[in-house]
Amino acid sequence: MIDLNLDRISKRYFIPDASAPRHWYSSLGSHSAEMWALQDVSFQVNEGEALGIVGHNGAGKTTILKLLSGITAPTRGTITIRGRLAALIEVSSGFHPELTGRENVYLYGAMLGMRRAEISRKMDSIVDFSGMEKYIDVPVKRYSSGMYVRLGFAVAAHLEPDIVLLDEVLAVGDVAFQAKCLDRISTLRKSGRTIVFVSHDLASVYRICDRAILLDRGRIMMEGGPRAVIDTYQKLAIPNPDTQELDPDKQAECLGISFFSKEPGDVVRTGYPMVARLRYRASIALREVAFRISLYWPSGYLCAQLTSETTGKISNLEAGVGTIEFQCPVLPVVPGLYRVDLELEASGTELDLRQRCATLCVEAGKGASGDFYIDNTWDVRVEPASPESKEKRQA
Amino acid sequence: MAPEDSPVTASNTLPKTDSAIWNSADDHPAATNRRVRVIGPPSFSPGTIFTGLRTLAQYSDLFYTLSLFRLKVRYKQSVLGWIWAGLQPLALMAIYTFVFSHVAKVNTNGTAYPAFVFCGLLPWIFFSGSIGNAVNGMIAYPTLLTKMYFPREIIPLSYLAAGVVDFLIASVILAGMLMFYRVSLTWNVLYAIPILIGLGIFAAAIALFFAAVHVRFRDVGLALPFVLQVWMFATPVVYSLQAVPQRIRGLYLLDPVAGAIDMFRGAILYGHSPDPRLLGLTAGLAILSLLLAYAYFKASEAAMADLV
Numbered sequence: 001m002i003d004l005n006l007d008r009i010s011k012r013y014f015i016p017d018a019s020a021p022r023h024w025y026s027s028l029g030s031h032s033a034e035m036w037a038l039q040d041v042s043f044q045v046n047e048g049e050a051l052g053i054v055g056h057n058g059a060g061k062t063t064i065l066k067l068l069s070g071i072t073a074p075t076r077g078t079i080t081i082r083g084r085l086a087a088l089i090e091v092s093s094g095f096h097p098e099l100t101g102r103e104n105v106y107l108y109g110a111m112l113g114m115r116r117a118e119i120s121r122k123m124d125s126i127v128d129f130s131g132m133e134k135y136i137d138v139p140v141k142r143y144s145s146g147m148y149v150r151l152g153f154a155v156a157a158h159l160e161p162d163i164v165l166l167d168e169v170l171a172v173g174d175v176a177f178q179a180k181c182l183d184r185i186s187t188l189r190k191s192g193r194t195i196v197f198v199s200h201d202l203a204s205v206y207r208i209c210d211r212a213i214l215l216d217r218g219r220i221m222m223e224g225g226p227r228a229v230i231d232t233y234q235k236l237a238i239p240n241p242d243t244q245e246l247d248p249d250k251q252a253e254c255l256g257i258s259f260f261s262k263e264p265g266d267v268v269r270t271g272y273p274m275v276a277r278l279r280y281r282a283s284i285a286l287r288e289v290a291f292r293i294s295l296y297w298p299s300g301y302l303c304a305q306l307t308s309e310t311t312g313k314i315s316n317l318e319a320g321v322g323t324i325e326f327q328c329p330v331l332p333v334v335p336g337l338y339r340v341d342l343e344l345e346a347s348g349t350e351l352d353l354r355q356r357c358a359t360l361c362v363e364a365g366k367g368a369s370g371d372f373y374i375d376n377t378w379d380v381r382v383e384p385a386s387p388e389s390k391e392k393r394q395a
Numbered sequence: 396m397a398p399e400d401s402p403v404t405a406s407n408t409l410p411k412t413d414s415a416i417w418n419s420a421d422d423h424p425a426a427t428n429r430r431v432r433v434i435g436p437p438s439f440s441p442g443t444i445f446t447g448l449r450t451l452a453q454y455s456d457l458f459y460t461l462s463l464f465r466l467k468v469r470y471k472q473s474v475l476g477w478i479w480a481g482l483q484p485l486a487l488m489a490i491y492t493f494v495f496s497h498v499a500k501v502n503t504n505g506t507a508y509p510a511f512v513f514c515g516l517l518p519w520i521f522f523s524g525s526i527g528n529a530v531n532g533m534i535a536y537p538t539l540l541t542k543m544y545f546p547r548e549i550i551p552l553s554y555l556a557a558g559v560v561d562f563l564i565a566s567v568i569l570a571g572m573l574m575f576y577r578v579s580l581t582w583n584v585l586y587a588i589p590i591l592i593g594l595g596i597f598a599a600a601i602a603l604f605f606a607a608v609h610v611r612f613r614d615v616g617l618a619l620p621f622v623l624q625v626w627m628f629a630t631p632v633v634y635s636l637q638a639v640p641q642r643i644r645g646l647y648l649l650d651p652v653a654g655a656i657d658m659f660r661g662a663i664l665y666g667h668s669p670d671p672r673l674l675g676l677t678a679g680l681a682i683l684s685l686l687l688a689y690a691y692f693k694a695s696e697a698a699m700a701d702l703v
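Going down the list, the sequences are from chains F and R. Just so you know, the first sequence maps onto residues 1 to 395 in the working numbering. Just so you know, the second sequence maps onto residues 396 to 703 in the working numbering.
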């Protein structure tokens with residue numbers, strides 16, 4: 001069954017045209033420029049499916065969520081929604097600052113379409129989930145922003161929707177609360193709810209979604225498996241080396257990077273070999289060259305940095321375009337999606353720095369759990385029994 | 396649902412109640428009785444009113460909750476609290492009594508002027524206060540319009556509902572005043588109920604219309620206090636209908652507020668039953684205005700999030 005169907009949706013906004021002459025009647029809209037936030041966007045989401053939507057700022061992600069939740073109407077096209085839909089877009093925006101937490105639970109719950117009796121029945125569970133028993137009868141204007149969001153998400157988590165729209169709700173709250181929210185979402189997934197997830201957090205999109213859509217300037221650029229879509233999205237961020245205009249001011253630059261196991265295109269797995277192939281361009285001969293590849297966790301922490309300095313092999317480069325390969329016989333990092341920084345240095349001067357320009361997707365391989373994989377071999381040696389140890393055991 | 400949804404490992408510190416969220420089979424209605432909704436570009440048709448009312452009925456609990464909280468919020472952090480609902484008309488009564496019974500005399504058919512003017516002020520303050528609050532309240536929290544979805548008419552209508560409660564509080568003062576001036580009531584007092592319902596309907600119409608326009612043009616909020624001031628003197632609040640020249644009285648009574656206030660005062664102070672033609676005209680105009688205003692509001696609703 002199809003839960004959501006968007007049929008050739010377009011959305012137009014009017015933005016004031018600054019170049020047009022201003023009159024007293026300008027605000028009537030005669031001199032505003034058109035801006036199409038979405039153009040001819042069609043997609044479907046099946047029951048129980050999780051669809052991720054990625055794209056740059058201004059690509060039209062938020063507009064899609066607003067259209068689906070009914071906040072605004074499309075300029076053209078129709079949207080068909082089957083079932084109860086809950087939009088967790090900026091939870092807590094329905095709160096009234098003067099009212100207490102408890103009163104706001106009733107208010108926000110009612111805005112999300114819950115009945116008063118339903119809210120009363122779930123009140124204890126909501127308060128429990130938010131972890132704010134102490135402050136529930138305090139006006140929310142005294143709350144911190146984190147408390148706002150926790151209470152808002154707690155209410156939303158008690159909805160019984162068929163379809164859930166998720167924005168960057170996970171990006172707020174402390175680590176413990178984020179874990180709680182992620183737990184909710186996986187419960188939601190398992191219970192067969194349909195999910196539309198919009199996020200810049202590509203690792204979460206990869207983890208949660210079955211399918212993804214890449215939006216670019218209001219159009220669907222690509223639709224497919226989350227990994228392929230994320231890869232394409234990342235390539236948008238770093239210009240394609242073949243079509244890229246060379247920057248004459250730069251003495252040298254990194255043109256792109258790809259990760260694979262043995263042959264280009266292979267999936268990278270924990271505990272198996274990994275190759276990182278980096279293309280570079282140098283306009284002059286370089287001395288004392290160092291390439292650095294940094295891998296970051298989704299949380300933003302540095303996971304590992306690979307540097308060519310330690311090998312001693314690459315020290316001088318001729319002018320021109322070439323590739324260097326980093327080879328790792330056994331990849332120790334755990335499965336997940338890592339963000340990648342590239343850095344190129346010569347004679348102690350930084351020539352190029354590309355931040356978060358690519359992703360490394362590591363699939364499950366060897367090793368079960370933990371922070372990293374240790375390459376290992378196991379041996380068993382049985383010791384011959386000695387009379388001394390026998391005595392000890394008897395004692 | 397599946398047992399793996401609620402792991403029983405020691406590390407699972409989540410409270411037990413959580414398992415009731417999202418994964419219980421009872422909470423998830425069978426796919427067959429799901430409602431299908433189609434969202435398209437905004438259009439104006441009589442059907443808009445029908446579907447709008449159906450959605451409004453689904454959100455009736457929000458309407459109730461929001462109206463209740465309007466009252467709570469209004470008098471929060473104020474010492475006198477609810478007393479303000481009565482103080483406001485009392486203060487106006489004092490001013491108008493000074494002006495129109497000492498400075499310039501107004502013919503009241505023998506009733507004491509304070510009771511006479513209070514009878515007019517009560518419905519007028521309900522009308523003008525509700526509209527003023529509704530129109531300004533529409534844009535008081537723009538995030539409600541840009542981040543949340545619910546039928547937007549609930550915002551202005553909740554202010555109207557709060558206005559009704561304020562009216563009831565102030566009515567207690569009116570009752571005391573009637574006793575003080577020894578006004579004898581008749582059964583015709585009950586006519587006040589249909590009269591006020593008609594006034595309420597007309598107030599809803601005006602509030603919805605101006606609130607919808609206000610989202611796009613803030614001129615409404617700026618002009619409204621002035622418009623309401625003029626409007627008050629165009630209705631028989633501080634003077635009686637008899638003071639209006641006979642030849643323009645027909646035109647004058649086309650304003651449902653004027654008709655309602657005159658009939659309200661007649662029923663309360665003089666024990667008159669309202670002229671059925673005037674009651675019919677007032678009610679008819681009020682209902683017609685509400686239908687038009689609601690259709691206009693629903694047609695402009697879809698664009699409110701983009702304009703506010």
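In this text, a Cβ means the ideal position worked out from N, Cα and C, and glycines have one as well.
- For Asp561 (chain R), the enclosing alpha helix (DSSP H) begins and ends at 549–575.
- Leu457 (chain R) belongs to the set of residues whose beta carbon lies under 7 Å from a beta carbon in chain F.
- For Phe464 (chain R), the chain F residues whose Cβ falls inside 7 Å of its Cβ are His96, Leu99, Glu103, Leu107, in order along the chain.
- Comparing C-alpha distances from Arg142 (chain F) to each of F:Gly101, F:Thr80, F:Phe153, F:Arg269 shows the shortest one belongs to F:Gly101.
- Residue environment for Thr270 (chain F): buried (at least 16 other C-beta atoms within 10 angstroms of its C-beta).
- Distance from the CA atom of Ile79 (chain F) to the CA atom of Val45 (chain F), rounded to whole angstroms, is 12 Å.
- Between Glu325 (chain F) and Val268 (chain F), the C-beta spacing is not below 7 Å.
- Residue state for Thr630 (chain R) is assigned as coil, using DSSP reduced to three classes.
- Under DSSP, Val431 (chain R) takes part in a beta bridge, and its partners are F:Arg82.
- For the stretch 109–121 of chain F, the residues whose beta carbon sits under 8 Å from a beta carbon of chain R are, in order, Ala110, Met111, Gly113, Met114, Arg115, Arg116.
- Partner residues in the beta bridge of Ile2 (chain F), as assigned by DSSP, are F:Asn46.
- By the neighbour-count criterion, in which 16 or more other beta carbons inside 10 Å mark a residue as buried, Phe621 (chain R) falls on the exposed side.
- Rounded to whole angstroms, the gap between the alpha carbons of Ser42 (chain F) and Arg116 (chain F) is 37 Å.
- No Cβ-Cβ contact shorter than 7 Å links Leu51 (chain F) with Ile163 (chain F).
- Taking a Cβ-Cβ cut-off of 7 Å, the neighbours of Gly70 (chain F) in chain R comprise Ile434, Tyr544, given in sequence order.
- Against Asp162 (chain F), the close residues of chain R are Arg429, in the order they occur along the chain (beta-carbon pairs closer than 7 Å).
- Contacts with chain F at 7 Å (Cβ-Cβ) include Lys471 (chain R).
- With respect to Pro484 (chain R), Ile520 (chain R) sits close: the two C-beta atoms are nearer than 7 Å.
- Put simply, the stretch 683–691 of chain R touches the stretch 433–448 of chain R. At least three CB pairs are less than 8 Å apart.
- Three or more Cβ pairs drawn from the stretch 599–616 of chain R and the stretch 678–686 of chain R lie within less than 8 Å of each other, which places the two stretches in contact.
- Taking all protein chains shown into account, Trp582 (chain R) has fewer than 16 neighbouring C-beta atoms within 10 Å of its C-beta and is therefore exposed.
- Counted as a single uninterrupted DSSP element, the stretch harbouring Thr323 (chain F) is not any alpha helix (DSSP H) but the beta strand (DSSP E) occupying residues 320–328.
- According to DSSP, Pro139 (chain F) shares a beta bridge with F:Thr100.
- Residues are counted here when their Cβ sits less than 8 Å from a Cβ of chain F; for the stretch 488–501 of chain R the count is zero.
- Taking the Cα of Arg193 (chain F) as reference, the smallest distance to any Cα among F:Pro384, F:Pro387, F:Asp3 is reached at F:Asp3.
- Taken through DSSP and simplified to helix, strand or coil, Arg189 (chain F) comes out as helix.
- By the criterion of a C-beta distance shorter than 6 Å, Phe259 (chain F) is surrounded in its chain by Val268, Ala276, Leu360, once the five residues flanking it on both sides are discounted.
- Annotated three-state conformation of Lys134 (chain F) is helix, per DSSP.
- Taken through DSSP and simplified to helix, strand or coil, Met114 (chain F) comes out as coil.
- Excluding its 5 nearest sequence neighbours in each direction, Gln637 (chain R) has C-beta neighbours in its own chain below 8 Å: Asn502, Asn504, listed in chain order.
- Beta-bridge partners assigned by DSSP to Ala452 (chain R): none are found.
- Sorting R:Phe659, R:Gly666, R:Met699 by C-alpha distance to the C-alpha of Phe513 (chain R) places R:Phe659 at the top.
- Taking the CA atoms as reference points, Leu306 (chain F) sits about 21 Å from Ala364 (chain F).
- The continuous alpha helix (DSSP H) containing Thr541 (chain R) extends over residues 537–542.
- Around the beta-carbon of Ala653 (chain R), 16 or more other beta-carbon atoms lie within 10 Å, marking it buried.
- For Pro273 (chain F) and Pro335 (chain F), the gap between their C-alpha atoms comes out near 14 Å.
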